[in-house]
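Chains A and B, in that order, are what the protein sequence lines are. Just so you know, the numbering used here puts 45 at position 57 of the first sequence, and the rest follows in order with no gaps. Counting the second sequence from 1 gives a position; the numbering used here is that position plus 158. From the three backbone atoms N, C-alpha and C, an ideal C-beta is built for every residue, glycine too. Inspection log for the structure reproduced underneath, given as structure tokens.
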Amino acid sequence: MPIVNGCVLPDELFYDVERQVWYRELGDGLVEVGVTAVAAAMAGTIVAVTPKRAGRRLAAGNACAVFESGKFVGPAKVAFPAEIVRSNDAIMSQPGLAHTDPYGAAWLVVLRPDDWHAAKALLTPGPKVAEPYLELMRLANFAGCSAGC
Amino acid sequence: MPRKLLIVIANTDPRNHEELGSPFFQAAVAAAMDFTVEVICTAAAGRLMKCGVAETLTVKPGSDKSVYDFIKDAHGLGAQFYACAGNLELFDMDAKDLIPECAGVVGTAYLIDRVMSDEYRVLSY
């Protein structure tokens, strides 16, 4: 599992590095979506996370959720067209999960992509994500995640 | 459900700094949610569209984030900002004095048209 500047990026996920979003294959044509530990660390203390509701259609580049910290607003944008089939209500009452469990309880939505095969071609598989993430951190002048990130 | 939000900032006085965060933060959030967002600054708030004004103001004393930073965040997420035509003279401004994030000057009829439209929801401050 790559650990880049202290930030964990699990192997089994697919990444949209530019948008700092991860995808997990669930089977049955569904994928789970969240934002990376790096994104959460860059945002500072997240005070609200609001996923969009199940049933919504998303175009490529649309937000599936919005993160808010005291001074920051950030959308979690999807890379491909899809329908939201589940939405994580729990994270709305526990936004800190984005910091403590970014690849588990902090999932945002489950999507049914229109064409997951084509969508996957847009993403970076976990074993190859370290190098592009290092570059992203360098460009953002981001030192890295603190212990436990 | 309407997909467009108009935020009218009219009664938010730049002299009351703590009033300046919410309108711009809400504009940023709505834009991040993929809604079309327009913000019209008029009356006392019209000054916020003038170069050099918002960057001297902070919502919280001592904060390192200026009101202009809030405007830039919302603009960066897609919110469109406008100044009110009738408002410019009040502050001895013309179009060349506007901040780069301000898309231009609109008349009161532009505002009223959107307020009355079924396509928009309106928040006013």
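List, in chain order, every chain A residue whose beta-carbon is nearer than 8 Å to that of B/Asp171. Looking up residue 171 of chain B in the second sequence gives position 13. Per Cβ cutoff of 8 Å: no residues; B/Asp171 is ~22 Å from chain A at best.
Return the first residue and the last residue of the beta strand (DSSP E) that A/Leu14 is part of. Taking the first residue of the first sequence as position 1, residue 14 of chain A is located at position 26. Counting along the chain, the beta strand (DSSP E) containing A/Leu14 begins and ends at Val9 to Gly15.
Contact check, B/Val166 vs A/Val61 under 8 Å by CB: the rounded distance? To locate residue 166 of chain B, count along the second sequence from 1; it is residue 8. To locate residue 61 of chain A, count along the first sequence from 1; it is residue 73. No, B/Val166 and A/Val61 are not in contact; Cβ-Cβ is about 20 Å, not under 8 Å.
Can you give the Cα-Cα distance for A/Cys137 and A/Ile(-9), rounded to whole angstroms? Position 149 of the first sequence holds residue 137 of chain A. Position 3 of the first sequence holds residue -9 of chain A. Residue confidence for A/Cys137 is low, a pLDDT of 39 falling below 50, so the modelled location carries little weight and cannot support an answer.
Hey, how far is the Cα of B/Gly265 from the Cα of B/Glu196? Here the question's residue 265 of chain B lines up with position 107 in the second sequence. Here the question's residue 196 of chain B lines up with position 38 in the second sequence. Approximately 14 Å, taken between the alpha carbons.
Just the Cα atoms here: how many angstroms apart are B/Asp255 and B/Ala212? Position 97 of the second sequence, counting from 1, holds the residue named residue 255 of chain B. Position 54 of the second sequence, counting from 1, holds the residue named residue 212 of chain B. Cα to Cα, B/Asp255 sits roughly 13 Å from B/Ala212.
Can you check whether the CB of A/Ala70 is closer than 9 Å to the CB of A/Val19? Along the first sequence, one-based indexing puts residue 19 of chain A at 31. Along the first sequence, one-based indexing puts residue 70 of chain A at 82. Yes, Cβ-Cβ distance for A/Val19 and A/Ala70 is below 9 Å.
Taking A/Pro120 as part of the alpha helix (DSSP H), name the residues at either end of that continuous run. As a position in the first sequence, residue 120 of chain A is number 132, starting the count at 1. Ala118 to Leu127 is the span of the alpha helix (DSSP H), which, as asked, contains A/Pro120.
Within the 9 Å Cβ cut-off, does B/Asp276 reach chain A? Position 118 of the second sequence, counted from the first residue, corresponds to residue 276 of chain B. False, the Cβ-Cβ gap to chain A never drops below 9 Å.
Sort A/Met(-11), A/Ser57, A/Val(-4) and A/Arg12 by Cα distance to A/Leu111 and report the nearest one. The sequence position of residue 111 of chain A within the first sequence is 123, counting from 1. Measuring from the Cα of A/Leu111, the nearest candidate turns out to be A/Arg12.
Taking only the alpha-carbon atoms, compute the straight-line gap between B/Gly262 and B/Ala243 and give it to the nearest angstrom. Working through the second sequence from its first residue, we reach residue 262 of chain B at position 104. Working through the second sequence from its first residue, we reach residue 243 of chain B at position 85. Approximately 9 Å between the Cα atoms of the pair.
Along chain B, in chain order, which residues have C-beta atoms closer than 8 Å to that of A/Gly62? Your numbering for residue 62 of chain A matches position 74 in the first sequence. Result: Ala190.
For A/Thr33, which three-state DSSP category applies? Counting from one through the first sequence, the residue named residue 33 of chain A turns up at place 45. Three-state DSSP puts A/Thr33 in coil, outside helix and strand.
Around the C-beta of B/Arg272, are 16 or more other C-beta atoms found within 10 angstroms, so that it is buried, or is it exposed? Counted from its first residue, the second sequence places residue 272 of chain B at position 114. Classification of B/Arg272: buried, given that the 10 Å Cβ count is 16 or more.
Is there a Cβ from chain A that is less than 9 Å from the Cβ of B/Ser180? In the second sequence, counting from the first residue as 1, residue 180 of chain B sits at position 22. Output row for B/Ser180: interface = no.
Buried or exposed (CB count within 10 angstroms, at least 16 for buried), A/Glu56: Translated into positions along the first sequence, residue 56 of chain A becomes position 68. A/Glu56 is buried by the Cβ-count criterion.
Under 8 Å, with one C-beta from each stretch per pair, do the region 79 to 94 of chain A and the region 22 to 30 of chain A reach the 3-pair mark? yes
Exposure of A/Ala135, with buried meaning 16 or more beta-carbon neighbours within 10 Å: The residue given as residue 135 of chain A occupies position 147 in the first sequence. Residue placement at A/Ala135 cannot be trusted, given a pLDDT of 47 that sits under 50; what the coordinates show is reported in the next sentence. Classification for A/Ala135: exposed.
Contact set between B/Lys162 and chain A, taken where Cβ atoms lie within less than 7 Å: Taking the second sequence and counting its residues from 1, one reaches residue 162 of chain B at position 4. Contact annotation for B/Lys162 against chain A: no contact, minimum CB-CB distance about 16 Å [criterion: below 7 Å].
Hey, is A/Thr24's beta-carbon within less than 9 Å of any beta-carbon in chain B? Along the first sequence, one-based indexing puts residue 24 of chain A at 36. Output row for A/Thr24: interface = no.
May I ask you to list, following chain order, the residues of the region 26 to 60 of chain A that have a beta carbon less than 7 Å from some beta carbon of chain B? Asn50, Ala51, Val54, Glu56 and Lys59
In three-state DSSP terms, what is B/Asn169? Mapped onto the second sequence, residue 169 of chain B falls at position 11. It is coil, neither helix nor strand.
Do the region 190 to 210 of chain B and the region 112 to 131 of chain A meet, that is, are 3 or more Cβ pairs less than 8 Å apart? no
Where the alpha helix (DSSP H) containing A/Arg143 begins and where it ends: Look at the range of chain A in this structure, -11 to 137, and you will see that residue 143 of chain A is not part of it.
What's the gap between the Cα of B/Leu269 and the Cα of B/Ala190? Residue 269 of chain B sits at position 111 when you count from the first residue of the second sequence. Residue 190 of chain B sits at position 32 when you count from the first residue of the second sequence. B/Leu269 and B/Ala190: Cα-Cα distance of roughly 23 Å.
Among A/Arg100, A/Gly58 and A/Gly84, nearest to A/Ser75 - alpha-carbon criterion: The sequence position of residue 75 of chain A within the first sequence is 87, counting from 1. Restricting attention to A/Arg100, A/Gly58 and A/Gly84, the CA atom closest to the CA of A/Ser75 is found in A/Arg100.
Along the chain, where does the alpha helix (DSSP H) that runs through B/Ser282 open and close? In the second sequence, counting from the first residue as 1, residue 282 of chain B sits at position 124. From DSSP, B/Ser282 is part of no alpha helix (DSSP H) but of the beta strand (DSSP E) over Tyr278 to Ser282.
Express the C-alpha separation of A/Val5 and B/Met274 in angstroms, rounding to a whole number. Working through the second sequence from its first residue, we reach residue 274 of chain B at position 116. Working through the first sequence from its first residue, we reach residue 5 of chain A at position 17. Answer to the nearest angstrom: the Cα atoms are 42 Å apart.
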